[in-house]
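Okay, so here's the structure we're looking at.
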Amino acid sequence: HASCRPFAEETWVEGTAGAACELIARLIPALGAEITPKIADCLYTGISTDTGCFRYANTTANTLRVAAACLDAGADSYAINQSIFETKRLSRLKMDAYIAEHVELLAGGKLALIAIPREAEAACGVNEDDMESVSAYARNIEGVCLAVTMRSQADGRTKLSVRSAPNYDSAALCGLFGGGGHRGAA
11 HASCRPFAEE
21 TWVEGTAGAA
31 CELIARLIPA
41 LGAEITPKIA
51 DCLYTGISTD
61 TGCFRYANTT
71 ANTLRVAAAC
81 LDAGADSYAI
91 NQSIFETKRL
101 SRLKMDAYIA
111 EHVELLAGGK
121 LALIAIPREA
131 EAACGVNEDD
141 MESVSAYARN
151 IEGVCLAVTM
161 RSQADGRTKL
171 SVRSAPNYDS
181 AALCGLFGGG
191 GHRGAA
């Protein structure tokens, strides 16, 4: 992420890359290895999820070139995208309904706030996999430019996730709380 604070002796940060897997796709052949169909599936999955199936503003021409190279190497884009973006467990659909009922719109509908207590997660029957993309839900509401999702954690802390339109900076907002990420998702 462009907001990365160096923590290791060696780092490789390219803040304009749409996904870390774009870098890994360059690293594999540089190490003398080949991108097998299984590796191509993994790389494509990382690129597709980090770019919202190529819908987010972080998608670049290079992102698409690397994804195409993954397809050329045997990645099964249909199965991957179907599994990640088109299939939800019933418990997740119940959570979506909870969010739709409890979302709070502020700033003339440009800001969406969602607070998800642990009790709501338990009542819906969701697991961590179900909750992986929940923070993007409110950003899909017409007119919302900034969506903030707060989830209660078992240790009493709150996890904050932010999704934003291109003119807003999710990473800068999360940076105020010690977090980071992409401009559009942090």
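Converting from the sequence shown to the working numbering requires adding 10 to each position, the first position being numbered 1. By construction, the Cβ of each residue, glycine as well, lies at the ideal position given by its N, Cα and C atoms. Bear in mind that the values here come from a model prediction, so they are computed numbers and not experimental data.
Query                                                                                                : Result
Under 9 Å between C-beta atoms of I90 and I109                                                       : no
Proximity of T73 and G25 at Cβ, strictly below 9 Å                                                   : no
Delimiting residues of the alpha helix (DSSP H) encompassing I124                                    : Note, I124: premise wrong, no alpha helix (DSSP H); beta strand (DSSP E) at 121–126.
Where the alpha helix (DSSP H) containing R102 begins and where it ends                              : 100–112
Sheet register partners of K169 (DSSP bridge)                                                        : R161
Contact under 9 Å by Cβ, A157 with L100                                                              : no
Contained alpha helix (DSSP H) runs [length at least 4] in the stretch 16–72, N- to C-terminal order : 30–40, 47–60
Three-state class that DSSP yields for A195 in the structure shown                                   : strand
Pick from L115, D179, T97 that is closest to D140, judged by C-alpha positions                       : T97
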